[in-house]
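Enquirer: Before anything else, here's the structure in question.
Residue numbers (our numbering): 3 to 485.
Below is the structure:
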């Protein structure tokens, strides 16, 4: 074999190896992503849905959320019986505007998961073609209640609520206000109007997209890092005077109050800024990063939901996510939920969930199982541990401190007779002046001794404090869900 032939042979070998590698990459390694690709690159399942019944989506109690009906020509169309109640997080599926949210994430299963050729062969032999039905973990009554209460508290800018079962990660409520009615969104003119509404942004799921400054609810993360690392004990005392310098700039407490030397329980109960800012500085950026990442910060939620429709929780500068160890991060102010933090409600619900479940964070999931047309389970979406955030003892200590917040501190409006509630309030200023508008939070879990629900509720641009405005919303959700 002469030299030119050997060179040509070598080139063909390299090209063949590259072809095999690329084929393996896209058909094996990236197969799941291709299945879930709901962009214009893979509209096959949408088109197939015209002739194949798309699976129903139901709430945990069996309430119908989405279903398909067939017309006289044998063409299916998608309908949403509850209207805007589950515009978020279920989304829509229409051939004219593609898909979103849960409809997009589980498109492969809902549409039958077979190729166009397979569908044609099935029809030729007379077999029935149909996607599997999806049973979710969502509670329709609590979902509707959450949306109503948030809309009442903030009619213009709205907010979000997420309720998890801390024992399993099941999402029981994912409310985002303002929302939209997917039945109306299928009309191109309506859809374009929704997209152009940059003031209200109804197509944005505020529970998992973008985010708000979490205010003092972030003190739970700082407290976890301090106690679980052994740097601090429950009885450790820190000076809580007003105007303590943090990064060289005086920091104020609510009402400019000085507390003197106080223990961490008193500091959390009364949400003393200067205490937790000093704790965060003492703990340091590397340790704060470690515990933030355990809680789920700095990456998108591990949720059965399209990655492109979720945001990472963390510090942002010029639109880019920063590491908590960045030189641009003021760790003291980050530790009390200020600085440049943007945190979706899902993230703070996960913080509460990890504390509630003894330090173990369960991976959140909206789907529960798939069933075929005969009612047989074809796939179960099992519970998974995402991370061990802290020790069980640390979780017990923080729980007791959060109970004190509700019994004696800033969260008293979440009290429920006969039930112990663990909570933490948050108030992040967005405007200053006589009628200061804030982003308000309340996060926690209940019952505190045997938690069934962990939650995060937030409303935007409201005059007042989290304990006054949002704690009562959380209280009603707890009463609706805890049996």
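Just so you know, even glycine gets a beta-carbon here, dropped at the ideal spot from N, CA and C.
Suppose the cutoff is 6 Å on Cβ atoms and the five residues either side in sequence are ignored; what does the same chain contact list for residue 392 look like?
Expert: If we look at residue 392 and ignore the five residues flanking it on each side, its Cβ neighbours are 226, 230 and 361.
Enquirer: Give a yes or no on whether the C-beta atoms belonging to residue 85 and residue 207 are separated by under 8 Å.
Expert: No, these two residues do not count as a Cβ contact at 8 Å.
Enquirer: Could you say which of 471, 454 and 476 lies nearest to residue 172 if we only look at CA atoms?
Expert: For residue 172, the nearest C-alpha among the options comes from 454.
Enquirer: Looking at residue 305 and residue 312, is the spacing between their C-beta atoms short of 8 Å?
Expert: Yes, Cβ-Cβ distance for residue 312 and residue 305 is below 8 Å.
Enquirer: Classify residue 136 as helix, strand or coil using the three-state DSSP reduction.
Expert: If DSSP states are grouped into helix, strand and coil, residue 136 belongs with the strands.
Enquirer: Please state if the CB of residue 472 and the CB of residue 465 are separated by a distance shorter than 8 Å.
Expert: Not in contact: residue 465 and residue 472 (Cβ atoms no closer than 8 Å).
Enquirer: If you draw a straight line from the alpha carbon of residue 338 to that of residue 424, how long is it in whole angstroms?
Expert: The straight-line gap from Cα to Cα measures roughly 19 Å.
Enquirer: What does DSSP give as the partner residue(s) for residue 239 in the beta ladder?
Expert: Paired residue(s): 265.
Enquirer: Just the Cα atoms here: how many angstroms apart are residue 480 and residue 468?
Expert: Going by the C-alpha atoms only, they are around 17 Å apart.
Enquirer: Can you tell me whether residue 43 is helix, strand or coil according to DSSP?
Expert: In this prediction, residue 43 has a pLDDT of 47, which is less than 50 and means its spatial position is unreliable; what the coordinates show is noted afterwards. Reduced to three states, the DSSP call for residue 43 is helix.
Enquirer: Mind checking residue 429: buried by the 16 CB within 10 Å criterion, or exposed?
Expert: Under this definition residue 429 is a buried residue.
Enquirer: Thinking just about the alpha-carbon of each residue, which of 137, 427, 74 and 195 is nearest to the one in residue 378?
Expert: It is 137.
Enquirer: In the DSSP assignment, find the unbroken alpha helix (DSSP H) run with residue 252 in it and report its ends.
Expert: Element bounds for residue 252: not the alpha helix (DSSP H) but the beta strand (DSSP E), 251-253.
Enquirer: Hey, residue 178 and residue 209 are a contact pair by Cβ (cut 8 Å); roughly how many whole angstroms apart?
Expert: That belief holds up - the Cβ atoms of residue 178 and residue 209 are roughly 5 Å apart, short of 8 Å.
Enquirer: In this structure, how does DSSP classify residue 284 when only helix, strand and coil are distinguished?
Expert: It is helical.
Enquirer: Taking 6 Å as the limit between beta carbons, can you name the residues of its chain near residue 389, skipping five residues before and five after?
Expert: 296 and 363, listed in sequence order.
Enquirer: Would you tell me roughly how many angstroms separate the C-alpha atoms of residue 444 and residue 219, rounded to the nearest one?
Expert: Using only the alpha carbons, I get a separation of about 7 Å.
Enquirer: Residue 355 and residue 166: beta carbons closer than 8 Å?
Expert: It is a contact, given that the beta carbons lie within the stated cut-off.
Enquirer: Figure out for me which residue from 70, 141, 146 and 59 has the closest Cα to the Cα of residue 107.
Expert: Among 70, 141, 146 and 59, the Cα nearest to that of residue 107 belongs to 59.
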